[in-house]
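Each step along the sequence shown adds one to the number in numbering that gives the first Met the number 0, with nothing skipped, and position 34 is 33.
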Amino acid sequence: MDQAASVVRLLITNLGFIGTILNTIQLYVLCQCKISSRLTTLLLRTQTVIDTYSCLIIFIYKLSGQDIDTGLPLLDEILCYLWYRDNLFWLGVVFSVQNLTCISFDRFCAVCFPSQYKIRQTQLIIVCYVYEIGMTLFLFIPNFFLRRYKANQCYSQYAFDGPVIERFFQVQAYLWMLFNYLLPAVIMITSHAHIIHVLRHPTPGQQRGRQVQNNVKKLILTTSLMAGLLLALHLYEAIRYILANSDVILYAAGTATQQVGPLLITLSALLNPCVLIATSYTVRRQVIRSVLRFDTINNGTPRTTEAITNI
Numbered sequence: 000m001d002q003a004a005s006v007v008r009l010l011i012t013n014l015g016f017i018g019t020i021l022n023t024i025q026l027y028v029l030c031q032c033k034i035s036s037r038l039t040t041l042l043l044r045t046q047t048v049i050d051t052y053s054c055l056i057i058f059i060y061k062l063s064g065q066d067i068d069t070g071l072p073l074l075d076e077i078l079c080y081l082w083y084r085d086n087l088f089w090l091g092v093v094f095s096v097q098n099l100t101c102i103s104f105d106r107f108c109a110v111c112f113p114s115q116y117k118i119r120q121t122q123l124i125i126v127c128y129v130y131e132i133g134m135t136l137f138l139f140i141p142n143f144f145l146r147r148y149k150a151n152q153c154y155s156q157y158a159f160d161g162p163v164i165e166r167f168f169q170v171q172a173y174l175w176m177l178f179n180y181l182l183p184a185v186i187m188i189t190s191h192a193h194i195i196h197v198l199r200h201p202t203p204g205q206q207r208g209r210q211v212q213n214n215v216k217k218l219i220l221t222t223s224l225m226a227g228l229l230l231a232l233h234l235y236e237a238i239r240y241i242l243a244n245s246d247v248i249l250y251a252a253g254t255a256t257q258q259v260g261p262l263l264i265t266l267s268a269l270l271n272p273c274v275l276i277a278t279s280y281t282v283r284r285q286v287i288r289s290v291l292r293f294d295t296i297n298n299g300t301p302r303t304t305e306a307i308t309n310i
């Protein structure tokens, strides 16, 4: 491994460690407060769990390496398919993208259809999580066919020979780009663009009190920043992945250019709690109370927070 690759690996390790700590703290805080509706709070907690997982798993990967030799052939074969080439890290990446897509959809429904949104929370929760789990499995399961265990060694090869699997992964590269970047990007951008339009030009049925309106705007700022960070920091890996699978560029595991993708994605997971704390008064107040153990808020101060409204 050259010096540049070693530096990038060290950066990923440090970011993974810091991100694990920050997201663990945020999960503790979010479990003690409510932000807007039940669905919004649940999705934000889910995002924190996913980001904690992603940061922790990449931290462990960079410390232990991509190969684990236990001396037991059966266990080594299982680890080959589960662990080799940061495999479990990409599970968190896919889930994170799909969850943020649902967060954007949640805000769209809350702002544009407030009445239906309030009475259909359970149905929306089911729809969001069925979508997330289904899409994650659809995109992640093919990864198991990109490695082969033979002669007690794990190799980055197709699981079996033949032109069919080669064509499949040529198509799968475009499906990954479509469903794990382009479609989520369209949903996130159009949802927030329409939300901003609605907030600036509300119809009579969408009129809200000034305080509720301010709380909605603050939450939209939070989710739009999280979505923007994800789209910006995931772009490099999305482009590199499809170019490598199209044989436009050479894929070389462990090089500096290959590791830049996981580095930027880990940075995205690390920054999410920072965004939430910076833009949400409710979360900041809970951090002061639960983490810093220092309540500077006057008990007589009105509770003008995101938790007042159910949208």
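Quick reminder that beta carbons are idealized off the backbone N, C-alpha and C, glycines included.
Mind checking residue i: buried by the 16 CB within 10 Å criterion, or exposed?
{"i": "P272", "result": "buried"}
{"i": "L291", "result": "exposed"}
{"i": "F88", "result": "buried"}
{"i": "I264", "result": "buried"}
{"i": "V66", "result": "The sequence given here has Asp at residue 66, not Val. Answer is exposed; the Cβ neighbour count stays below 16."}
{"i": "T189", "result": "exposed"}
{"i": "F94", "result": "buried"}
{"i": "S114", "result": "exposed"}
{"i": "V215", "result": "buried"}
{"i": "N151", "result": "exposed"}
{"i": "F357", "result": "With the chain covering 0 to 310 only, the question about residue 357 has no answer from this structure."}
{"i": "H233", "result": "buried"}
{"i": "P183", "result": "buried"}
{"i": "T222", "result": "buried"}
{"i": "K61", "result": "buried"}
{"i": "L228", "result": "buried"}
Quick one: residues in its chain with C-beta nearer than 8 Å to the C-beta of residue i, no 5 flanking neighbours on either side, listed in chain order?
{"i": "I34", "result": "T40, L43, L218, S279, T281, V282, E305, A306"}
{"i": "L260", "result": "The identity of residue 260 in the sequence shown is Gly, whereas the question assumes Leu. Closer than 8 Å at Cβ, skipping near neighbours: Y235, E236, R239, Y240."}
{"i": "M225", "result": "Q46, L99, I102, N271, V274, L275"}
{"i": "C30", "result": "R44"}
{"i": "L220", "result": "T278"}
{"i": "P72", "result": "N151"}
{"i": "M176", "result": "A237, Y240, I241"}
Kindly list the residues whose CB is nearer than 7 Å to the CB of residue i, restricted to its own chain and excluding five residues on each side of it in sequence; keep chain order.
{"i": "V28", "result": "V282, Q285, V286, S289, V290"}
{"i": "A4", "result": "G253, T254, A255, Q258"}
{"i": "L269", "result": "L14, I17, G18, L21, C54"}
{"i": "T51", "result": "T19, N22, T23, L26"}
Please go through the same chain and pick out, in chain order, the residues whose beta-carbon is closer than 6 Å to the beta-carbon of residue i, but skip the five residues on each side of it.
{"i": "L90", "result": "F139"}
{"i": "N297", "result": "At N297 the pLDDT is 47, less than 50, meaning the model places this residue with poor confidence; the figure from the coordinates comes in the next sentence. Here the set comprises nothing."}
{"i": "R166", "result": "none"}
{"i": "L198", "result": "none"}
{"i": "Q2", "result": "none"}
{"i": "C32", "result": "T281, Q285"}
{"i": "V110", "result": "I194, V197"}
Reducing DSSP to helix, strand and coil, say where residue i ends up.
{"i": "Q156", "result": "coil"}
{"i": "R119", "result": "coil"}
{"i": "K149", "result": "strand"}
{"i": "P72", "result": "helix"}
{"i": "T254", "result": "coil"}
{"i": "K216", "result": "helix"}
{"i": "V93", "result": "helix"}
{"i": "S114", "result": "helix"}
{"i": "V6", "result": "helix"}
{"i": "I34", "result": "coil"}
{"i": "D246", "result": "coil"}
{"i": "R312", "result": "In this structure the chain extends from 0 to 310, so residue 312 is not present and cannot be described."}
{"i": "P261", "result": "helix"}
{"i": "H200", "result": "coil"}
{"i": "S289", "result": "helix"}
{"i": "S279", "result": "coil"}
{"i": "Q65", "result": "coil"}
{"i": "N13", "result": "helix"}
{"i": "D85", "result": "helix"}
{"i": "D1", "result": "coil"}
Compare the Cα-Cα distances from residue i to each of the options and report the closest residue.
{"i": "C79", "options": "F167, L269, Q120, Y148", "result": "Y148"}
{"i": "G64", "options": "Y235, T19, I11, L182", "result": "I11"}
{"i": "Q46", "options": "I59, Q156, E131, R119", "result": "E131"}
{"i": "V7", "options": "A231, L266, S267, L262", "result": "L262"}
{"i": "F168", "options": "F144, V96, I49, I124", "result": "F144"}
{"i": "R37", "options": "M187, L228, Q122, R146", "result": "Q122"}
{"i": "Q97", "options": "M187, P201, L249", "result": "M187"}
{"i": "D75", "options": "I56, R146, G133", "result": "R146"}
{"i": "L181", "options": "C127, L230, S267", "result": "L230"}
{"i": "Y154", "options": "K117, V126, Y83, F112", "result": "Y83"}
{"i": "I56", "options": "V92, I77, D68, Y250", "result": "V92"}
{"i": "F112", "options": "Y250, P201, N213, L9", "result": "P201"}
- prompt: Pairing CB atoms from the region 154-164 with CB atoms from the region 129-139, are three or more of them under 8 Å?
  reply: Contact between the region 154-164 and the region 129-139 is absent, because fewer than three Cβ pairs lie under 8 Å.
- prompt: Should the region 167-183 be called in touch with the region 242-252, which here means at least 3 C-beta pairs below 8 Å?
  reply: With a cut-off of 8 Å, the region 242-252 and the region 167-183 count as touching, because enough Cβ pairs lie within range.
message: For the structure I just gave you, are there three or more beta carbon pairs, one from the region 14-28 and one from the region 100-109, closer than 8 Å?
response: With a cut-off of 8 Å, the region 100-109 and the region 14-28 do not count as touching, because too few Cβ pairs lie within range.
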